[in-house]
Structure formats: structure tokens, C-alpha cells
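Participant:
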Amino acid sequence: MPALLIAILLLAVSLARGASNVTGIDPVDNYCSRLYHQSTVKNKTLYIDGGLEVFVAQNNNGTLEGARVLGYNTDLIEVDLTSSWDWKQNISISAVSEKPNPRTGADPPVVVRGALYAGGRSDSSIYQYGGTVSYANTSFPGFQKPTSSQYALWSYNTSNGSWDQFDVTLGAEYRPAGGAYAEATDQELAFYLNGYINNGTSNDLENSDDLLRYLDGLIVIDTRTQMATNISTSSLVNFPRVKGGMVYIPGIGPKGILVAVGGVTKPANDGSASNEGTYVPFDEIDIFDISSVFEGDDNGIWYAQKASGDIPDGRTDFCLVAVSAKDNSSHNIYMYGGRGANALYDEIYVLSIPSFTWTKISEGKSPRYGHTCHLVGNRQMLTVGGALSDDLSTCDWEYRGVAIYDMSTLTWGSVYNASASDYAVPAKINQVIGGGPNGNATKKTPLDGFSTPELASFFYPPAINDSASAPQSKPTKLSKGAIAGIAIGSVAGAAILSAALLYFRQRQQAAAEARRAAEAEEAEKDIFMETAWRNNGDRVELGSSTNRQTRVSAHEIDGSHVREIPGS
């Protein structure tokens, strides 16, 4: 029956478009809904890759006609962000066919729950990492079987449209799916937190139908060299975790921080698909010091901080966007949507840092999960895709698959403003953390204080007082003859005194600089020893598992209820 439905849909599409398009279904023109995709923004273009998609025979500006079928987005979708648009009227959105790697002939993977990274600012490529094959509809024309996890990293050159693949197994053995991902484009670093393996992440696991194993590790990818490193996350309280969120905040600490929230967690040695774990509480915030990546410690440095305020209920499949006040007195992480144990959410919460305070902004009646979102146009949150209910035959009322939320006025709309003004902290947040639109937050510490002095120093580094720390040399006494010479006021004596004072001052400055250099070297050693002490123990390595995950049979969408795809 699914094959017949697809045939009917393909026929309807071909009749609507003409004979030249009989080979496929367009993910833009035949869009009904999309979820579990990966997306990124680079050079004012939104790129959407992979994901599950429900296709409809005709979508005429939201007027839907004909059959609907669940399948896969096999194209790379591009949305132009160089100029303003209204998604109801004049948005520029197109689909580009994903061509095989010209070096190997291999097709780019069609996956769900992976990551898409923008790469460095001078890099013309974007990067797909991880993800799993969904078995939601194996009769769909775009279905691909799992490939080897050896090539979990792919690149797409936005200049010439070519794909390439990279072997990162030396630093990251598995192809993970369902992990949280973030990126420091200014440092050309991409991050992927934990995730899972199942029967869709690798061809050697294809028959492990009951496998759902959560992975240890924060994968750090250098997008400049296409090299990966796995940093253990065994020091986290809630690890490993999946389906949560993570953002990068620059300017905090030596090289910025990662902030991870939410998701579900279970032990790494539990590979059963019947147990998806427990929710990670939102009053427990995890912070990663990016500079620790460069200190040669396999574990890195993580901090756990308690949050207060309007604590959200446990959930997965939400999206996060971070934006900072103009004076950096607060960094506000907006969380939208998601799904819980028995609920789907249309809520927006904001986590304000450094007070680590949650503020509930709004609650609506149009839930969304499995979507992504991005900061665009200075102050706008661009949301991409997502499902509205467990019944996937419900088409997205945002019939172009995107929407805009102004994070300053706290309003939804269909208009993207390419030249919007800078972010202004909204009054609803200022009422909680103090200050005004430009910042000046007065609540600058967590309710019960920072968890460690080291974390506090990231936000409030101790001031360096050169005059206090410099060694105080005793002034050298001059001889009576010299004093007499000065008293006479001879030009020669004045010159000698000036030279002497300059000499003594230079000696004092040199001594002070030597002292500061010695203190810095000693502090660096202390940090290294403290890091080693905190992460005492060997790096956790995962063994093999023979557990299995239930494979989901193909679903035909004809208006009947379709439950969530487990592990998708």
C-alpha cells in the first residue's frame, strides 16, 4: 500500500509540473512538514539537510490537495537571507540535488538527527556530521541503507556545489546521532555532545534491531583540518545524554564556553531500545570550558551550575538560540518548543547567564518539536520545520517551513528583516535580572552562588593590580658628594641624576615583569594539576554491544494516527 500511495503521489506531482519532473518529489513545492533534519546559516544563507519529510501532491500557498506520504528530504534546501522577506509572499527558497562525491562516487548520507556546521568564516564549505538512517518508509525512492561509520563527516562546497567525505574514526570511532551540537565559527571548531548508535548509524549495526546505546564523549571537530577529538564526558552528572540542546557563548573565559541543557540520559552500558532513560532536569546546567581542549587533558573541564526561576519541565527535541546584551552583562539563551513524557510544548523560556535564571516568556497552543532554530538579523530567531503533533499527517501551517520570532519584542511573525536593529533585552527579562534594553543587568550571580570559584572567575576575573603585585625595591641612597653636586645645580649633576633615576625605574619595571611571568607560569601549572586532579581516572572507552533496537516498519500516511518514530 505505501508503494501504491507513492506511485499516486509521483503521478500527481508529474502531472502538476509537466513531464520534465517525473523522477522525484520536490521538498519545497510538495512540502507538508519536516522534522529531525539538520540546518545551519552561512554567508546569509540558511541550509537545510536531510530529515523526515511528509510530502503532499500539491501545496498552493497552504492549500493542500492530494495524497500525503512520509519520506525523506534528499536535497539540500537553501533559503536566501541577504534581503528581507515575508514567508507568506516573497521568500526565496530552493532545493539543490545532492550529487555524489566526485572522488569516490559515494552519495552524501540521507540522515536524521545529525549535525550541520557552517565552518570557519573564510571556509566556503559547510559540514554534515553524524546522524542515523530512519526506517520510517523503506519503499520511498530516496531511502538509503546505512553506510560505514568510517565517513561520518561530509562537506558541501557552497561555491561549486561539490561534496566530499572525511575519515574521522581515529578521533571519533562511531557515527553518533541524536546528540546536541554547537559551533564556534570564530575558532573553526564544531562540537557534538554524546548521542547514540542504533541500527541506522552504521552498516555493521543494520541488523541490531534492538540497539539504542548512548555514547560518552564530546566530539570536537576542527573544520579547518577535518580532524576530530573525543573528550570524555564522564565527569558530567547526567551523562551520556541525547536529544538535548547546546549553545556556544563567546567572550566568557579564555576561549568561550558551551552551555548544555535538557534531553534524556541513561547509563552508557544500557543498550536496550526499550529504555530511553530519564529527563535531564533544567535546573542543572552544564558548562564546558573550551580552552581546556587545548590543555592536553582528554577529559576537558566541565562545570555544573544550579539554575533558579521558572524551571521548565523535562523535554527533548526543542531548539536553542543564544544572544547577548549589548554590554555583555547578560547572555540570554532562548528555548522554544519540544516534547515531554506526556505533552508537546509551544513555550518559550529564556536562561539568563551569569545569574543562571530561567524566565518563562510565553505559552501558546501550537506545539512544535523536532525543529531547529538560528539567530539571524541581529535579534531574530529563525525556526525551521518541526512536527505539530504525533500524527505526522498534520501539515505545517507555516507552509514554507520557516517562521520568525523577534527576541526583543517577543512577537512571532512571517517577516524576516535583514537589517533589523541590534538585540535589546526585553522588559520581561529585565524585570527578573535588572537593567534595561542595552544591558546593565544587576542580577549577576546565581541565587545560591557559583558552584566553584573557577566558574565565577569566568564571569568576574580578578583585577590585576600591577602596583600591588610588583616587587618594591628600596631606593638606593646617593652619596653626600652627589647630593652636594645636585644642590649646586650643575648641569652635569642634573644629567647624572636623571640617568640614575631612569636606570632605577627600568630595574623596577624589569623586576615586576619577571615576577608576573613567574606567577603566570606557576598559575598555568596549578591549572594543569587541578584539571588532572578533577578528572582523576582513565578515559572511558565504550565496548561492543549486541543489544538491539526495534526497527519501525514503513508508514503510510493517509490521515490516520502515526506515532513518533523511535530512535529517529
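With mature numbering (1 follows the signal peptide of the UniProt record, and there is no 0) as the guide, the letters of the sequence shown map in order to residues -18 to -1, 1 to 550.
Cβ atoms here follow ideal geometry from the backbone N, Cα and C, with glycine treated the same way.
1) Is the beta carbon of residue 68 closer than 7 Å to that of residue 396?
2) Provide the residue(s) that pair with residue 355 in DSSP beta bridges, ordered along the chain.
3) In three-state terms, what does DSSP make of residue 432?
4) Roughly how many whole angstroms lie between the Cα atoms of residue 602 and residue 29?
5) For residue 211, which option in 151, 242 and 378 has the closest C-alpha, if you only look at C-alpha atoms?
6) Over what stretch of residues does the beta strand (DSSP E) that includes residue 414 continue unbroken?
7) Using DSSP's beta-bridge definition, name the partner residues of residue 138.
8) Can you tell me whether DSSP reads residue 41 as helix, strand or coil?
9) When the Cα of residue 87 is compared with those of 221, 242, 99 and 147, which residue comes out closest?
10) In terms of residues, what are the limits of the beta strand (DSSP E) holding residue 395?
11) DSSP three-state label for residue 94, please.
12) For residue 371 and residue 324, I'd like the C-alpha separation in whole angstroms.
13) In whole angstroms, what separates the C-alpha of residue 101 from that of residue 167?
14) If you draw a straight line from the alpha carbon of residue 389 to that of residue 177, how long is it in whole angstroms?
15) Could you say which of 51, 311 and 55 lies nearest to residue 124 if we only look at CA atoms?
16) What would DSSP say about residue 270, mapped onto helix, strand or coil?
17) Given residue 489, which residues of its chain have a CB within under 6 Å of its CB, disregarding the five upstream and five downstream residues?
18) Hey, residue 94 and residue 202 are a contact pair by Cβ (cut 8 Å); roughly how many whole angstroms apart?
19) With 16 other CB atoms within 10 Å as the buried threshold, where does residue 24 fall?
20) Count Cβ pairs between the segment 106 to 116 and the segment 152 to 162 that sit closer than 8 Å; are there 3 or more?
21) Pick from 265, 415, 248 and 63: whose alpha carbon is nearest that of residue 258?
22) Starting from residue 313, follow the beta strand (DSSP E) in both directions and report where the run begins and ends.
23) Determine, using beta-carbon pairs with one atom in the segment 76 to 90 and one in the segment 16 to 23, whether at least three such pairs fall under 8 Å.
24) If I'm right that residue 242 touches residue 193 with Cβ under 8 Å, what's the distance once you round it to whole angstroms?
25) Going by other Cβ atoms of all chains shown within 10 Å of its Cβ, with 16 needed for buried, is residue 219 buried or exposed?
26) Drop a sphere of 10 angstroms on the beta-carbon of residue 42, count the other beta-carbons inside from all chains shown, and report buried for 16 or more, exposed for fewer.
27) Can you name, in chain order, every residue of its own chain whose Cβ lies under 6 Å from the Cβ of residue 528, other than the five neighbours on each side?
28) Based on the DSSP output, what are the partners of residue 180 in its beta bridges?
29) Straight-line CA distance for residue 72 to residue 335?
30) Is the CB-CB distance between residue 326 and residue 351 below 7 Å?
31) Rounded to the nearest angstrom, what separates residue 228 and residue 354 at their Cα positions?
32) Taking all protein chains shown into account, decide if residue 431 is buried (16 or more other Cβ within 10 angstroms of its Cβ) or exposed.
33) Going by Cα to Cα distance, which pick from 401, 379, 387 and 306 is closest to residue 419?
34) Can you tell which of 103, 99, 188 and 122 has its C-alpha closest to the C-alpha of residue 109?
35) Can you check DSSP and say which residues form a bridge with residue 333?
36) Does the beta-carbon of residue 343, which I'm using as the reference point, lie nearer than 6 Å to any heavy atom of the ligand NAD?
Facilitator: If we stick to the structure as given:
1) Against a cut-off of 7 Å, the Cβ pair of residue 68 and residue 396 comes out as a contact.
2) Residue 355 pairs with 365.
3) Annotated three-state conformation of residue 432 is coil, per DSSP.
4) There is no way to answer for residue 602, as the model of the chain reaches only from -18 to 550.
5) Ranking 151, 242 and 378 by Cα distance to residue 211 puts 151 first.
6) No beta strand (DSSP E) holds residue 414; the alpha helix (DSSP H) holding it covers 409 to 415.
7) Answer by DSSP bridge pairing, in chain order: 108 and 145.
8) The three-state reading of DSSP puts residue 41 in strand, counting E and B together.
9) Closest option to residue 87, Cα to Cα, is 147.
10) Residue range 393 to 395 is occupied by the beta strand (DSSP E) that includes residue 395.
11) It is a strand residue.
12) Computed Cα separation, rounded: 12 Å.
13) Cα to Cα, residue 101 sits roughly 6 Å from residue 167.
14) Looking at the two C-alpha atoms, the distance is approximately 29 Å.
15) Closest by C-alpha distance to residue 124, out of 51, 311 and 55, is 55.
16) Reduced to three states, the DSSP call for residue 270 is strand.
17) For residue 489, the predicted model reports a pLDDT of 43, less than 50, meaning its position is unreliable and no value from the coordinates is stated.
18) With a contact defined as Cβ atoms closer than 8 Å, residue 94 and residue 202 miss out at about 23 Å.
19) Taking all protein chains in view, the Cβ of residue 24 is crowded by 16 or more other Cβ atoms within 10 Å, so the residue is classified as buried.
20) Yes: the two stretches touch, three or more of their Cβ pairs being nearer than 8 Å.
21) Minimum Cα distance to residue 258 is reached at 248.
22) Counting along the chain, the beta strand (DSSP E) containing residue 313 begins and ends at 313 to 318.
23) Segments in contact, no.
24) The pair is not a contact, with the Cβ atoms about 24 Å apart (cut-off 8 Å).
25) Exposed: under 16 other Cβ atoms inside 10 Å.
26) It counts as exposed.
27) Caution is warranted here: a pLDDT of 32 is assigned to residue 528, below 50, making its placement in the model unreliable, and no coordinate value can be reported.
28) Bridge partners of residue 180: 194.
29) Taking the straight line joining both Cα atoms gives about 37 Å.
30) Between residue 326 and residue 351, the C-beta spacing is below 7 Å.
31) Spanning the two alpha carbons is a distance of roughly 12 Å.
32) With fewer than 16 other Cβ atoms from the protein chains shown falling within 10 Å of its own Cβ, residue 431 counts as exposed.
33) Looking from the CA of residue 419, the closest CA among 401, 379, 387 and 306 belongs to 306.
34) Ranking 103, 99, 188 and 122 by Cα distance to residue 109 puts 99 first.
35) DSSP output for residue 333 lists 315 and 340 as bridge partner(s).
36) In terms of ligand content, the structure shown is empty, and the ligand NAD therefore cannot be addressed.
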